[in-house]
Structure formats: C-alpha cells, structure tokens
Amino acid sequence: LRIGEIPFDSSRKLMTTVHKDSTGQVWIFSKGSIEEILKRSTTVNEDQTIKPLTRHRHDEIMKINRQLAGDGVRVLACATRKLETAPSTEDLKGVEEGLTFLGLFGMMDPPRPEAKEAVARCREAGIRPVMVTGDHRITAEAIATHLGIKGTDDHILAGEDLESIIPERLQSLAQSVSVYARVSPEHKVKIVQALKGQGEIVAMTGDGVNDAPALRAANIGVAMGKGGTDVARQAAEMVLLDDNFATIVSAVEEGRIIYDNIRKFTRYMLSTNSGEILTMFFAILFGLPLPLLPIQILWINLVSDGLPALALGVEPPERAVMKRPPRHPKESLFAGGLGLHILWVGFLMGLGTIGIFGWTYGSQGLLHSQTVTFFTLTLFQMFHVLAIRSERDALWTIGLFSNPGLMGAVLLTILFQLAITYHPMFQSIFHTTALTVEELIACIAVASTVCFAVEAEKWWRYRRKS
Numbered sequence: 006l007r008i009g010e011i012p013f014d015s016s017r018k019l020m021t022t023v024h025k026d027s028t029g030q031v032w033i034f035s036k037g038s039i040e041e042i043l044k045r046s047t048t049v050n051e052d053q054t055i056k057p058l059t060r061h062r063h064d065e066i067m068k069i070n071r072q073l074a075g076d077g078v079r080v081l082a083c084a085t086r087k088l089e090t091a092p093s094t095e096d097l098k099g100v101e102e103g104l105t106f107l108g109l110f111g112m113m114d115p116p117r118p119e120a121k122e123a124v125a126r127c128r129e130a131g132i133r134p135v136m137v138t139g140d141h142r143i144t145a146e147a148i149a150t151h152l153g154i155k156g157t158d159d160h161i162l163a164g165e166d167l168e169s170i171i172p173e174r175l176q177s178l179a180q181s182v183s184v185y186a187r188v189s190p191e192h193k194v195k196i197v198q199a200l201k202g203q204g205e206i207v208a209m210t211g212d213g214v215n216d217a218p219a220l221r222a223a224n225i226g227v228a229m230g231k232g233g234t235d236v237a238r239q240a241a242e243m244v245l246l247d248d249n250f251a252t253i254v255s256a257v258e259e260g261r262i263i264y265d266n267i268r269k270f271t272r273y274m275l276s277t278n279s280g281e282i283l284t285m286f287f288a289i290l291f292g293l294p295l296p297l298l299p300i301q302i303l304w305i306n307l308v309s310d311g312l313p314a315l316a317l318g319v320e321p322p323e324r325a326v327m328k329r330p331p332r333h334p335k336e337s338l339f340a341g342g343l344g345l346h347i348l349w350v351g352f353l354m355g356l357g358t359i360g361i362f363g364w365t366y367g368s369q370g371l372l373h374s375q376t377v378t379f380f381t382l383t384l385f386q387m388f389h390v391l392a393i394r395s396e397r398d399a400l401w402t403i404g405l406f407s408n409p410g411l412m413g414a415v416l417l418t419i420l421f422q423l424a425i426t427y428h429p430m431f432q433s434i435f436h437t438t439a440l441t442v443e444e445l446i447a448c449i450a451v452a453s454t455v456c457f458a459v460e461a462e463k464w465w466r467y468r469r470k471s
C-alpha cells in the first residue's frame with residue numbers, strides 16, 4: 006500500500022515512494038539517475054544478500070551503465086530502504102539516504118523513423134539541430150550520433166559543466182556544442198540565451214512545466230500538443246499536434262514556400278503597376294495622347310493583374326527550397342535584386358507598350374492604337390507572370406503546367422481579352438476595335454521580350470553566383 010510520495014524533480018533527478026506491506030513493515034523505493042541513486046546508497050543487494058557498496062562494486066555498476074547507455078538505452082537506477090515507522094510529510098526527504106542499491110533497468114525509447122531524415126533536411130536547409138536532454142551523457146551521445154545531430158567535430162556539455170561556465174564562455178562554446186546532457190530547466194534557459202547571444206534564431210521544444218522559461222526565452226517556443234502541459238502550451242508560439250519533430254521541418258518548408266510566393270506576388274504586382282505608370286508617363290513625355298482609357302486601366306488592375314496574382318499564391322515549392330541557408334531576419338522583402346527587377350521590368354513594359362502605341366497611332370488612329378496598347382500590356386503581364394514563377398529555375402525546367410491554377414488564370418485572362426477586343430458588346434464598353442492577325446503577332450512579339458529578358462536575368466544571376 007502506497008502511503009507517501011516524493012515526486013520527481015528535475016533538479017534532484019529522482020523520485021521516491023513510501024509503502025507499507027501486509028505485515029505492516031514500511032519501505033521506501035527510490036528511482037532516478039544512477040549518479041543520484043548511488044550517491045544515496047551505502048549497501049547493495051546481491052542475490053538477496055545485503056553487502057556494503059564498495060568502490061569496486063560502484064565502478065562495476067557504472068561500467069554496466071555506460072554499456073547500456075552506449076546502446077542508446079535510457080538507464081534508471083532503483084534502491085530501497087526499510088523504515089521503522091512511517092515518516093511524516095516533513096521528514097520525507099530525509100529518508101532518501103542510506104539506501105540499498107537494487108539494480109538498473111533500461112528503457113528503449115527509439116526516435117521516430119522520420120526523425121533522422123528530418124535532421125538531415127535541417128542541415129541541408131542551414132538549420133543546426135541541437136539536442137538538449139536530461140539523459141545521461143553517453144545515452145545522449147549515442148542517440149545524437151545515430152540521428153546525425155552530433156558531427157565528428159561537435160562537442161558535448163553536461164549539466165555539471167554548465168554550472169561552472171560563465172555566460173560569455175558558453176556563448177563561444179555554443180557554436181561547436183551539439184549535445185547538452187543531464188541539463189536542468191535553468192540550464193535550458195542559459196543555452197537559449199547563449200545561442201541568441203551569437204545572433205542565432207532559436208526554436209526550442211518542450212513539454213513540461215519546467216520548460217516554460219526556456220520556451221519563453223527562445224525566439225520560437227514549440228510545445229507538444231499531445232504530451233505537453235497547459236503551461237508549456239501557453240508559453241509557446243507553436244504547438245505540435247502530433248508531437249513530431251519532423252513537423253517542425255515541414256513547418257519551416259511551408260514558411261519558406263509562403264515567403265517565396267509573397268515575393269513572387271510582390272514582384273508581379275509592382276512590376277506590372279510600374280509598367281502601367283511608365284506607359285502613361287512616356288506618353289506625356291513624348292507628347293502623345295493617352296494610350297489607355299480609365300476603364301481599360303481598371304480592367305488591367307482588377308482582372309489582368311488579379312487572376313494570375315491569386316494563382317501565384319498557390320505556386321508549388323521551388324526545387325531547392327530546403328537546400329538554401331535561412332535568410333537574415335532583417336533582410337528586406339526587396340533584397341536579392343527584387344527591387345531592381347521591378348524597376349527594369351516596369352521600364353521594359355512601359356517602353357515596349359508606348360513603342361507599339363506610337364507605331365500604330367500614326368497610321369491607324371487613336372481607337373485602334375489604344376486597343377493595340379491595351380492588348381500588348383495585358384500580354385506583357387501574362388508573359389511576365391510565367392517567367393517569374395521561379396527566381397532560379399527556367400520556365401522550361403519547372404514546366405509550363407506545374408501550376409494548373411496559374412495556367413488556367415493566364416488562359417482565362419487571354420480569352421477575356423480576346424472577347425473584349427472582338428465582341429461588339431464589349432467593344433462599346435471598353436472602346437476597343439478588332440485587330441488584324443499581323444497586329445496580334447506584333448503584340449505577342451513585343452510582349453514576349455519580357456519573358457526572354459527575365460530568363461536571361463536568371464541565367465546571369467545563377468552564373469554570377471556559381
């Protein structure tokens with residue numbers, strides 16, 4: 006019958022229960038880390054015989070522990086003590102002395118099969134995984150080596166090492182340490198602060214109440230959804246519903262995809278808008294009539310811009326999205342040549358559009374020239390959106406139909422544009438007129454230059470980086 010308990014505490018690394026057997030005899034049983042149990046033991050039970058715990062026997066037990074831990078087994082020690090009377094609540098902690106060592110038992114808690122692959126993907130993505138555990142140093146090293154967390158040049162620090170290291174020294178060591186063993190909650194906070202002191206962006210996982218300070222100290226606290234406590238979940242920014250480390254890697258990948266698509270959306274919208282602005286500016290500069298009517302500009306902004314822009318939001322991931330280093334947190338959205346791209350593409354669109362307007366204005370009249378300009382600028386946008394689907398790979402590499410939604414939006418926009426150009430009902434609304442085959446070919450030829458120019462830009466940027 007259990008009559009008392011000293012709960013597990015991460016600082017003590019053991020727990021104790023008090024029992025009374027059928028004869029009324031009171032016993033305590035303690036289990037925890039082998040170091041703590043042996044420190045409190047004075048005798049050992051060998052074949053039902055109580056013998057003194059000598060230094061030789063102590064070393065033999067530690068040797069067995071190292072063998073088990075080297076196989077990745079989590080080892081706990083167990084000890085007991087007979088009491089004359091049941092201790093009071095105040096005296097409970099005092100009974101964890103003079104114990105009789107009973108033995109060791111190991112627990113296999115193998116990592117999930119996908120964990121090793123997730124660690125490898127982290128390294129490819131420029132993310133350095135670090136193991137912070139309460140396990141024995143040898144156990145932690147075996148598991149970390151198996152998963153690929155610990156490299157050949159990486160070091161291990163134990164909790165007792167962290168006690169004597171000043172924060173500045175820990176910061177300098179943090180870059181080469183991949184495993185922290187036998188750590189306490191206070192140590193976890195020190196580790197997070199040391200990594201942040203090196204300029205790292207730290208994501209910390211935890212599930213217990215004692216993990217809450219470290220979760221708050223990290224840039225991104227990640228709590229377990231199934232096995233985590235309410236306190237840990239409240240302290241975290243993200244909760245893993247499946248308690249799976251691989252899900253964090255998937256979240257990183259999804260975040261990179263979203264950020265890439267935001268850049269593509271920005272690239273597309275600002276380039277086309279600057280093209281429209283420069284078209285109108287060049288017309289004023291060269292003393293030409295307005296090449297576009299307000300209703301035509303409204304159509305371009307709402308439909309020609311809108312449909313492909315929405316489809317860019319679901320663009321599939323780029324080929325090497327998880328094989329590039331993380332971007333700097335202070336990096337601008339317009340970094341990596343995006344701002345320059347917007348300027349030169351807008352200039353090309355504006356120059357090409359006003360050029361074809363001037364070509365037709367002298368011989369065909371204003372209405373015809375505005376229709377050609379309207380059609381050309383729309384095609385400029387369609388060719389541009391196809392070319393910017395990847396910042397690195399060419400259009401023929403990623404495939405024209407790898408994003409069916411975008412291809413559908415482009416084709417639908419072109420069909421709408423043809424209807425506006427050739428259907429009498431829409432002609433009266435949008436002030437357009439039918440174009441000849443030669444004029445359509447001219448519109449396509451001028452507008453397609455942006456596609457070839459963007460592909461040339463990608464080739465030049467890739468060659469320069471190589």
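At position 51 of the sequence shown the residue is numbered 56 (my numbering), and the sequence of numbers has no breaks.
Cβ atoms here follow ideal geometry from the backbone N, Cα and C, with glycine treated the same way.
*Kindly indicate which three-state DSSP category residue 346 falls into: helix, strand or coil?*
Counting from 1 along the sequence shown, the entry for residue 346 is found at position 341. In this structure, residue 346 counts as helix in the three-state DSSP scheme.
_Entirely enclosed alpha helix (DSSP H) segments - the segment 89 to 177, minimum 4 residues_ = 118 to 129, 142 to 152, 164 to 169
_Sequence ranges, beta strand (DSSP E) only - wholly within the segment 29 to 66, length at least 3_ = Restricting attention to beta strand (DSSP E) runs no shorter than 3 residues, the segment 29 to 66 encloses them at 31 to 37, 46 to 51, 54 to 57, ordered along the chain.
*Use the C-beta contact count for residue 383: other C-beta atoms within 10 angstroms, 16 or more gives buried, fewer gives exposed.*
Translated into positions along the sequence shown, residue 383 becomes position 378. It is buried - the Cβ of residue 383 has at least 16 other Cβ atoms within 10 Å.
*In three-state terms, what does DSSP make of residue 226?*
Within the sequence shown, the letter at position 221 stands for residue 226. Strand at residue 226.
_Among 92, 360, 387, 385, whose alpha-carbon lies nearest the alpha-carbon of residue 374?_
As a first step, residue 374 must be located in the sequence shown, where it is residue number 369. Taking only the C-alpha atoms, the option nearest residue 374 is 360.
*Tell me, which residues are paired with residue 24 by DSSP?*
One-based indexing of the sequence shown puts residue 24 at position 19. For residue 24, which the question treats as bridged, DSSP gives the partners 7, 32.
_If the criterion is Cβ atoms closer than 9 Å, does the pair residue 396 and residue 328 meet it?_
The sequence position of residue 396 within the sequence shown is 391, counting from 1. The sequence position of residue 328 within the sequence shown is 323, counting from 1. It is not a contact, given that the beta carbons lie outside the stated cut-off.
*Just how far apart, CA to CA, sit residue 73 and residue 23?*
What you label residue 73 is simply residue 68 of the sequence shown in a count that begins at 1. What you label residue 23 is simply residue 18 of the sequence shown in a count that begins at 1. Using only the alpha carbons, I get a separation of about 29 Å.
*Sorted by chain position, which residues of the same chain lie with C-beta nearer than 7 Å to residue 417's C-beta, five sequence neighbours on each side aside?*
For the purposes of this step, residue 417 is identified with residue 412 of the sequence shown, where counting begins at 1. Excluding residues within five positions, the ones whose Cβ falls inside 7 Å are 312.
*Given a cut-off of 9 Å, decide if residue 105 and residue 150 are closer than it, judged by their beta-carbon atoms.*
Stepping through the sequence shown from its first residue, residue 150 is reached at position 145. Stepping through the sequence shown from its first residue, residue 105 is reached at position 100. Contact flag unset, no.
_Residue closest to residue 89, alpha-carbon to alpha-carbon, out of 30, 390, 346, 245_ = For this step, residue 89 is matched to residue 84 along the sequence shown. Selected option, being the one with the closest Cα: 30.
*Helix, strand or coil at residue 85 [DSSP, three-state]*: Here residue 85 is taken as the residue at index 80 of the sequence shown, counted from 1. Annotated three-state conformation of residue 85 is strand, per DSSP.
*Would you kindly check if the distance between the Cβ of residue 143 and the Cβ of residue 5 is under 9 Å?*
The requested residue 5 is not part of the displayed model; the chain covers only 6 to 471.
*asked:* Per DSSP, what are the beta-bridge partners of residue 440 in this structure?
replied: Here residue 440 refers to the residue found at position 435 of the sequence shown. In DSSP, residue 440 forms no bridge with anything.
_Quick check on residue 96: buried or exposed, where buried means 16 or more other Cβ atoms within 10 Å of its Cβ?_
As a working mapping, residue 96 is identified with position 91 in the sequence shown. Exposed, since its Cβ has fewer than 16 Cβ neighbours within 10 Å.
*asked:* Give me the residue from 255, 282, 171 with the minimum Cα distance to residue 303.
replied: Residue 303 sits at position 298 when you count from the first residue of the sequence shown. Cα-wise, what sits closest to residue 303 is 282.
*Looking at C-alpha atoms only, which residue of 128, 60, 320, 180 is the closest neighbour of residue 406?*
Indexing the sequence shown from 1 puts residue 406 at position 401. Of 128, 60, 320, 180, the residue nearest in Cα terms is 320.
*Out of 257, 214, 400, 67, point me to the one whose CA is closest to residue 225's CA.*
Your numbering for residue 225 matches position 220 in the sequence shown. Closest option to residue 225, Cα to Cα, is 257.
*Could you say which of 401, 325, 101 lies nearest to residue 12 if we only look at CA atoms?*
Taking the sequence shown and counting its residues from 1, the one referred to as residue 12 is at position 7. Looking at the Cα atoms, 101 is the closest of the given residues.
*Output the distance between the C-alpha atoms of residue 422 and residue 230, rounded to the nearest integer angstrom.*
On the sequence shown, residue 422 is found 417 positions in, with the first residue counted as 1. On the sequence shown, residue 230 is found 225 positions in, with the first residue counted as 1. One C-alpha to the other measures close to 51 Å.
*Whose C-beta lies closer than 8 Å to the C-beta of residue 128 among residues of the same chain, with five residues either side of it excluded?*
Residue numbering aside, residue 128 sits at position 123 when the sequence shown is read from its first letter. Counting only Cβ-Cβ distances below 8 Å, and skipping sequence neighbours, we find 134, 153.
_residue 351, buried or exposed, once every other Cβ within 10 Å from all chains shown has been counted against 16_ = Locating residue 351 in the sequence shown gives position 346, where the first residue counts as 1. That one is buried.
*For residue 172, collect the residues of the same chain with a Cβ closer than 8 Å to its Cβ; drop the 5 residues on either side in sequence, then sort them by chain order.*
In the sequence shown, residue 172 corresponds to position 167, counting from 1. Around residue 172: 195, 198, 199, 202.
*asked:* As a quick exercise: from 326, 409, 438, 429, pick the residue whose alpha carbon is nearest that of residue 371.
replied: Within the sequence shown, numbered from 1, the residue matching residue 371 stands at position 366. Ranking the options by Cα distance to residue 371, first place goes to 438.
*Can you tell me the Cα-Cα spacing of residue 299 and residue 314, whole angstroms?*
Start at 1 with the first residue of the sequence shown, and residue 299 comes out as number 294. Start at 1 with the first residue of the sequence shown, and residue 314 comes out as number 309. Residue 314 has its alpha-carbon roughly 21 Å from the corresponding atom of residue 299.
*Figure out for me which residue from 19, 365, 137 has the closest Cα to the Cα of residue 45.*
Here residue 45 refers to the residue found at position 40 when the sequence shown is read from its first residue. Of the candidates 19, 365, 137, the one whose C-alpha sits nearest the C-alpha of residue 45 is 19.
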